[in-house]
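Taking it in order: structure first as structure tokens, then the write-up.
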Amino acid sequence: MNEAALIFGMFLATFSVRYLLFAVAGRVHFPPWLNTALGFVPPVVLTAIVLPAVLMPKGELWLSPTNPWLLAALVAALVALVRRDLLTTILVGMAAFMLLRFGMGL
Amino acid sequence: MSATDYPLAERRRQEFIAGAKATVPLIVGAIPFGILFGTLAEPSGLSALGALAMSLIVFAGASQFIALGLLSAGAALPVIIATTLVVNLRHMLYAANLVPKIRHLPQRWRIPMAFGLTDETFAAVSNRYLQQEETRELHWFYLGSFLAMYSNWVFCTALGVGLGKVFPDMTRWGLDFAMSVTFIGMVVPYLRNSPMWAAVIVSGAMAIATAGMPHKLGLMVAAICGIAAGLSLHLLKQQRADQDRTATEPMTERETDR
Numbered sequence: 175m176n177e178a179a180l181i182f183g184m185f186l187a188t189f190s191v192r193y194l195l196f197a198v199a200g201r202v203h204f205p206p207w208l209n210t211a212l213g214f215v216p217p218v219v220l221t222a223i224v225l226p227a228v229l230m231p232k233g234e235l236w237l238s239p240t241n242p243w244l245l246a247a248l249v250a251a252l253v254a255l256v257r258r259d260l261l262t263t264i265l266v267g268m269a270a271f272m273l274l275r276f277g278m279g280l
Numbered sequence: 017m018s019a020t021d022y023p024l025a026e027r028r029r030q031e032f033i034a035g036a037k038a039t040v041p042l043i044v045g046a047i048p049f050g051i052l053f054g055t056l057a058e059p060s061g062l063s064a065l066g067a068l069a070m071s072l073i074v075f076a077g078a079s080q081f082i083a084l085g086l087l088s089a090g091a092a093l094p095v096i097i098a099t100t101l102v103v104n105l106r107h108m109l110y111a112a113n114l115v116p117k118i119r120h121l122p123q124r125w126r127i128p129m130a131f132g133l134t135d136e137t138f139a140a141v142s143n144r145y146l147q148q149e150e151t152r153e154l155h156w157f158y159l160g161s162f163l164a165m166y167s168n169w170v171f172c173t174a175l176g177v178g179l180g181k182v183f184p185d186m187t188r189w190g191l192d193f194a195m196s197v198t199f200i201g202m203v204v205p206y207l208r209n210s211p212m213w214a215a216v217i218v219s220g221a222m223a224i225a226t227a228g229m230p231h232k233l234g235l236m237v238a239a240i241c242g243i244a245a246g247l248s249l250h251l252l253k254q255q256r257a258d259q260d261r262t263a264t265e266p267m268t269e270r271e272t273d274r
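So the sequence lines, in the order shown, correspond to chains A and B.
252 is the number that this note's numbering gives to position 78 of the first sequence; each next residue is one higher, with no gaps.
80 is the number that this note's numbering gives to position 64 of the second sequence; each next residue is one higher, with no gaps.
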């Protein structure tokens, strides 16, 4: 595999997607409903990334109280709801995961 | 306090630092992820130099991981590039969201901003843009967030490449969970009204249902379904509010007549 070609190709595939709308930003105006729709983008995309990662950590649905990904994710969500502080959420969530996974051997 | 209290350069410097500071928690979540990428590179068939170059030039966490997975599975170059494109489609949604805020900027700003458009910087910046009306200098905030994220990503990749040589079994430590907790912490503050809840629930359920689709295409399907659900509920609530208003209007008219 030619690594230079791989990296350049991936750069083009990434940058073009990110830049396309910025490039024409002065000429496009969105209707109000589209602006509202785009407001849903961040939480919706992040949820679609996270949920399969914690419910299907090994590729298949694992809905069980012994799934450490799921348990630690619930802990993190609870901390986020109560404290609303990102750093605390990340640190407590990671600690819970490490404890469940390696401390308790789940 | 207004913008004119400071000279422009001072205000820009403050925005830049604020951007970097707002990104610190997100960086904490990205550190294990960057290290993991560096550790996984060589076992997947990407050289140490290639791993570093990829973080420097491509700068797209999820795509870089998927590229490693495809490399080790022996996928062809066009497949990896096409997959990168599909996985990054979500960034077009982010860009669309930011368009009204960057419209006044010249291309020499838009190009580096586009390069630095990651999940994390988008989250930090959109948070900030929601907080205040005056957004003309916020590209400096964006730049601060982007450069903090970028330098950390490249540094952690290098660190991971080095650590991977010392601890070959690091890839099984569960460092990838850091991304999940970071994203959970980013989603929760959005959950303030029923349309947002509906959007997130539908998106999550659809992501599970479509997890079997190739090239992470399910991600886009889930996102679009979630947005549709949220938007429908939002418009429905708005319509109901308008109806309520028209129902009470004759009453207020009579009151003003008296």
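We put the beta carbon where it would ideally sit given N, CA and C, even for glycine.
Are the CB atoms of E177/A and G66/B nearer to each other than 7 Å? Against the first sequence, residue 177/A aligns to sequence position 3. Against the second sequence, residue 66/B aligns to sequence position 50. In this structure, G66/B lies closer than 7 Å to E177/A by Cβ.
Identify each residue in the region 215-239 of chain A for which the Cβ-Cβ distance to at least one residue of chain B is less than 8 Å, and report them in chain order. Among the residues of the region 215-239 of chain A, those with a Cβ less than 8 Å away from any Cβ of chain B are V215, P216, P217, V218, V219, L220, T221, A222, I223, V224, L225, P226, A227, V228, L229, M230, L235, in the order of the chain.
Closer than 6 Å by C-beta to A221/B: which residues in its own chain qualify, once you throw out the five before and the five after it? Chain order, please. Taking the first residue of the second sequence as position 1, residue 221/B is located at position 205. Counting only Cβ-Cβ distances below 6 Å, and skipping sequence neighbours, we find nothing.
So G176/B and G77/B are supposed to be a Cβ contact under 8 Å. How far apart are they, rounded? Stepping through the second sequence from its first residue, residue 176/B is reached at position 160. Stepping through the second sequence from its first residue, residue 77/B is reached at position 61. No, G176/B and G77/B are not in contact; Cβ-Cβ is about 12 Å, not under 8 Å.
For W243/A, is the classification buried or exposed, using 16 other Cβ atoms within 10 angstroms of its Cβ as the cut-off for buried? Within the first sequence, numbered from 1, the residue matching residue 243/A stands at position 69. Answer is buried; the Cβ neighbour count reaches 16.
Do we get a CB-CB distance below 7 Å when we pair M229/B with the residues of chain A? Within the second sequence, the letter at position 213 stands for residue 229/B. Residue-level contact check: M229/B does not touch chain A, since none of the beta carbons of chain A fall below 7 Å from its beta carbon.
Backbone CA spacing between A238/B and V215/A [nearest angstrom]: As a first step, residue 238/B is located in the second sequence; it is residue number 222 there, counting from the start. As a first step, residue 215/A is located in the first sequence; it is residue number 41 there, counting from the start. So the two alpha carbons sit approximately 11 Å from each other.
Mind checking the region 202-214 of chain A against chain B and listing, in chain order, the residues whose C-beta falls within less than 9 Å of any C-beta there? For the region 202-214 of chain A, which is checked against every Cβ of chain B, the residues closer than 9 Å are V202, H203, F204, W207, L208, N209, T210, A211, L212, G213, F214.
With respect to the alpha helix (DSSP H) encompassing P59/B, which residues constitute its N-terminal and C-terminal limits? Numbered from 1 along the second sequence, position 43 holds the residue referred to as residue 59/B. From DSSP, the alpha helix (DSSP H) with P59/B extends over 40-60.
Does chain B have any CB closer than 7 Å to the CB of M268/A? Residue 268/A sits at position 94 when you count from the first residue of the first sequence. By this cut-off, M268/A is an interface position.
The region 95-117 of chain B: which residues have C-beta closer than 8 Å to a C-beta of chain A, in chain order? Hits within the stretch, in order: I96, I97, A98, T100, L101, N104, L105, R106, H107, M108, L109, Y110, A111, A112, N113, L114, V115, P116.
Alpha carbons only, please: which of G242/B, G180/B, Q123/B, Q259/B is nearest the one belonging to F196/A? For the purposes of this step, residue 196/A is taken as the residue at position 22 of the first sequence. Measuring C-alpha to C-alpha distances from F196/A to each of G242/B, G180/B, Q123/B, Q259/B identifies Q123/B as the nearest.
Taking Cβ positions, are F249/A and A227/A nearer each other than 7 Å? Start at 1 with the first residue of the first sequence, and residue 249/A comes out as number 75. Start at 1 with the first residue of the first sequence, and residue 227/A comes out as number 53. Correcting the residue type first, residue 249/A is Val in the shown sequence and not Phe. Taking 7 Å as the Cβ cut-off, V249/A and A227/A do not qualify as a contacting pair.
Would you say V170/B and Y158/B are within 7 Å of each other, going by their C-beta atoms? Taking the second sequence and counting its residues from 1, the one referred to as residue 170/B is at position 154. Taking the second sequence and counting its residues from 1, the one referred to as residue 158/B is at position 142. Against a cut-off of 7 Å, the Cβ pair of Y158/B and V170/B comes out as no contact.
Buried/exposed call for D135/B, threshold 16 Cβ in 10 Å: For the purposes of this step, residue 135/B is taken as residue 119 along the second sequence, with counting starting at 1. Per the 10 Å Cβ criterion, buried.
Residues that G183/A contacts on chain B, provided the C-beta gap is smaller than 7 Å: Here residue 183/A refers to the residue found at position 9 of the first sequence. Residues of chain B whose Cβ lies closer than 7 Å to the Cβ of G183/A are, in chain order, L93, I97.
Assign E150/B to one of two classes, buried (16 or more other C-beta atoms within 10 Å of its C-beta) or exposed (fewer than that). Start at 1 with the first residue of the second sequence, and residue 150/B comes out as number 134. Its Cβ having fewer than 16 others within 10 Å, E150/B is exposed.
Output the distance between the C-alpha atoms of A199/A and P116/B, rounded to the nearest integer angstrom. Residue mapping note: residue 199/A aligns to position 25 of the first sequence, counting from 1. Residue mapping note: residue 116/B aligns to position 100 of the second sequence, counting from 1. Taking the Cα positions, A199/A is about 7 Å away from P116/B.
Between the CA atoms of T99/B and L86/B - distance to the nearest angstrom: Position 70 of the second sequence holds residue 86/B. Position 83 of the second sequence holds residue 99/B. So the two alpha carbons sit approximately 9 Å from each other.
Assuming N209/A is part of the alpha helix (DSSP H), what are its boundary residues? Walking along the first sequence from the start, residue 209/A turns up at place 35. Residues 206-213.
For the ligand MN, is there a heavy atom less than 6 Å away from the beta-carbon of P122/B? Although the ligand MN was asked about, the structure shown includes no ligands whatsoever.
Looking at the unbroken alpha helix (DSSP H) that takes in F271/A, where does it start and where does it end? As a first step, residue 271/A must be located in the first sequence, where it is residue number 97. Looking at the DSSP string, the run of the alpha helix (DSSP H) that includes F271/A is 260-272.
Find the nearest neighbour of A83/B within the set L56/B, H107/B, L72/B, judged by alpha-carbon distance. Taking the first residue of the second sequence as 1, we reach residue 83/B at position 67. The shortest CA-to-CA distance from A83/B to any of L56/B, H107/B, L72/B is the one to L56/B.
Span of the alpha helix (DSSP H) holding V218/B? Translated into the one-based positions of the second sequence, residue 218/B becomes position 202. It spans 210-225 - the alpha helix (DSSP H) in which V218/B sits, taken as one unbroken run.
Would the region 209-216 of chain B count as touching the region 244-252 of chain B if we require 3 or more Cβ pairs under 8 Å? At 8 Å Cβ cutoff, the stretches touch.
For the alpha helix (DSSP H) holding P128/B, just list the boundary residues, first then last. Residue mapping note: residue 128/B aligns to position 112 of the second sequence, counting from 1. P128/B -> alpha helix (DSSP H) spans 123-131.
In chain order, what residues of the same chain lie with their CB nearer than 7 Å to the CB of A215/B, ignoring the 5 residues before and after it? Within the second sequence, the letter at position 199 stands for residue 215/B. Setting aside the 5 residues that flank it on each side, A215/B is surrounded in the same chain by G242, I243, A245, G246, each with a C-beta closer than 7 Å to its C-beta; the list follows chain order.
Check whether the Cβ atoms of G201/B and A254/A sit closer than 7 Å, and answer yes or no. Reading the second sequence from its first residue, position 185 is the one you call residue 201/B. Reading the first sequence from its first residue, position 80 is the one you call residue 254/A. Result yes, Cβ atoms of G201/B and A254/A sit closer than 7 Å.
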